[in-house]
Amino acid sequence: MHIRTTMDPMTLHDVANPEQHPCLYQGDGDNGLEIYFESEENLMGYLDLKSEPSKVIQGDDSEDYVAEG
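Note that our numbering numbers the sequence shown so that position 1 is 883, with each residue one more than the last.
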């Protein structure tokens, strides 16, 4: 599935003429996400964002489990 969004993720503004604005495509060609940006600066800022490493939380749903920490 190919998903196209014209909402700039940095400003949350809709990009009126997407063909005239910078775009980032993430995917394998058939399946991917196409994101349009208002400016090259917003695109570069988006690429510079560093996400926190994801955390996997595992627990025990037994009745005698007490979370520690």
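For every residue, glycine included, the Cβ atom is placed at its ideal position computed from N, Cα and C.
Give me the Cα-Cα distance between residue 922 and residue 913, rounded to the nearest whole angstrom.
Numbered from 1 along the sequence shown, position 40 holds the residue referred to as residue 922. Numbered from 1 along the sequence shown, position 31 holds the residue referred to as residue 913. Spanning the two alpha carbons is a distance of roughly 24 Å.
Taking C-alpha atoms, which residue in 887, 892 and 888 lies nearest to residue 931?
If you number the sequence shown from 1, residue 931 lands on position 49. Nearest of 887, 892 and 888 to residue 931, Cα basis: 892.
Helix, strand or coil at residue 915 [DSSP, three-state]:
Locating residue 915 in the sequence shown gives position 33, where the first residue counts as 1. Of the three classes helix, strand and coil, the one that applies to residue 915 here is strand, per DSSP.
Please state if the CB of residue 916 and the CB of residue 897 are separated by a distance shorter than 8 Å.
As a first step, residue 897 must be located in the sequence shown, where it is residue number 15. As a first step, residue 916 must be located in the sequence shown, where it is residue number 34. Against a cut-off of 8 Å, the Cβ pair of residue 916 and residue 897 comes out as no contact.
How big is the Cα-Cα spacing for residue 935 and residue 903?
Here residue 935 refers to the residue found at position 53 when the sequence shown is read from its first residue. Here residue 903 refers to the residue found at position 21 when the sequence shown is read from its first residue. Cα to Cα, residue 935 sits roughly 30 Å from residue 903.
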